[in-house]
Amino acid sequence: METEISIHNLSKSYPNGTKALKDIHLEIKKGEFFTLLGPNGAGKSTLIKIVTTLLHKDSGEFLIGGVNPELESATIQNYIGVASQDTELDPSEKVENALVFQGRLFGLSRAKAFSRAEGLISLFQLFTEKNKKVSALSGGNKRKLHCALALVHHPKVLFLDEPTVGMDPLARANFWDVIKQLNDTQNFGMAHFAFSVGSKENVDTLTKQLENDGYSIVGKPRTTGDTDITKVWRLTRKTISLKLQFEFKTASIVLPPG
42 METEISIHNL SKSYPNGTKA LKDIHLEIKK GEFFTLLGPN GAGKSTLIKI
92 VTTLLHKDSG EFLIGGVNPE LESATIQNYI GVASQDTELD PSEKVENALV
142 FQGRLFGLSR AKAFSRAEGL ISLFQLFTEK NKKVSALSGG NKRKLHCALA
192 LVHHPKVLFL DEPTVGMDPL ARANFWDVIK QLNDTQNFGM AHFAFSVGSK
242 ENVDTLTKQL ENDGYSIVGK PRTTGDTDIT KVWRLTRKTI SLKLQFEFKT
292 ASIVLPPG
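In our numbering, the protein residues as written are 42 to 299.
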């Protein structure tokens, strides 16, 4: 299977001496979900910021779709969608207008931008919020809007940094249903998703969703040893191997027969 994201020897330290990343190696294939899990300060957001060109690395290299984002930033911005924790929204803008404006920024016609905005509003169940100002949205609905904005231009790769923060349990479950629907239908032509999940609670939610869909958990938790960034969840269309790593514990999930 072709590699979509390749990261080698990536390191980053901050001016105060904090070492956020140390020699990170990752290979993510097309068609995969990939999740990072770790406590606050583990470097999850830093890694996403670097590979999406929002932050400079100290050393190492990375490619997305075979392209070096640092050398071809204009090309890569059309290839990826990013919903980060730090995304700023105009509080005076209405939800639908924000989505349309985002589409126009990516070169969509006004009609196409409106069409995609309506589709995303439906997908993320933001019907009653479409004419509300961003300042009037709940925290969970703001996160939904972040994700919708990242999808307007139909990216091939989607980065979501703690996407369900602020959502209640039902909204969180519905969100992952949407993500599963996108992966199943490929409506947005995505090759794969990349997530950063910052809490064990969110991982438990993912696990329950998989169990409800007929997946089964096998194996016992085991210690994997110290690491800076932990790889957690890989999902392809035909097979699934889920490794839950929290405080260096893992478990596996596999598809049922058939």
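Virtual Cβ for every residue (Gly too), placed ideally from N, Cα, C.
Unbroken alpha helix (DSSP H) run spanning residue i, endpoints
i	result
residue 181	180-192
residue 140	136-146
residue 44	Where residue 44 is concerned, there is no enclosing alpha helix (DSSP H), although the beta strand (DSSP E) it sits in stretches over 44-54.
Proximal residues to residue i (C-beta, below 6 Å), its chain only, five neighbours per side dropped
i	result
residue 104	47
residue 90	96
residue 210	none
residue 100	52
residue 172	135
residue 58	none
residue 162	171
residue 130	175
residue 102	49
residue 67	48
Residue i, DSSP secondary structure in three states
i	result
residue 159	helix
residue 218	helix
residue 123	strand
residue 165	coil
residue 112	coil
residue 173	coil
residue 104	strand
residue 117	helix
residue 57	coil
Spatial neighbours of residue i in its chain, beta-carbon cut-off 8 Å, leaving aside the 5 residues before and after
i	result
residue 108	116, 117 and 120
residue 145	151 and 154
residue 178	136, 170 and 186
residue 126	86, 202, 203 and 206
residue 219	164 and 165
residue 215	166
Residue i burial status per 10 Å Cβ neighbour count (16 or more: buried)
i	result
residue 213	buried
residue 53	buried
residue 261	Since pLDDT at residue 261 reaches only 36, below the 50 mark, its modelled position is unreliable, and the value read off the structure follows with that caveat. The residue in question, residue 261, is exposed, as its Cβ has fewer than 16 Cβ neighbours within 10 Å.
residue 222	exposed
residue 60	exposed
residue 148	exposed
residue 112	exposed
residue 180	exposed
residue 84	buried
residue 264	Confidence at residue 264 is low in this model, with a pLDDT of 33, below 50, so the placement of that residue is unreliable and no value is reported for it.
Residue i Cβ short of 8 Å to the ligand MG heavy atom set
i	result
residue 195	Absence of the ligand MG is noted for the structure shown, with no ligands found whatsoever.
Endpoints, beta strand (DSSP E) assigned at residue i
i	result
residue 197	Run containing residue 197: none; DSSP gives neither H nor E here.
residue 88	Not the beta strand (DSSP E): residue 88 falls in the alpha helix (DSSP H), residues 85-92.
residue 66	60-70
Close-in-space but distant-in-sequence residues of the same chain around residue i (CB under 7 Å, 5 per side omitted)
i	result
residue 123	93, 191 and 200
residue 141	154, 155 and 158
residue 132	174, 175 and 176
residue 55	61
Closer than 9 Å to chain D by CB, residue i
i	result
residue 45	Here there is only one protein chain, and chain D is not present.
Is the number of C-beta pairs between the segment 160-167 and the segment 184-195 that are closer than 8 Å three or more?
yes
Using 8 Å as the threshold, is the segment 133-141 in touch with the segment 196-210, meaning 3 or more CB pairs across them?
no
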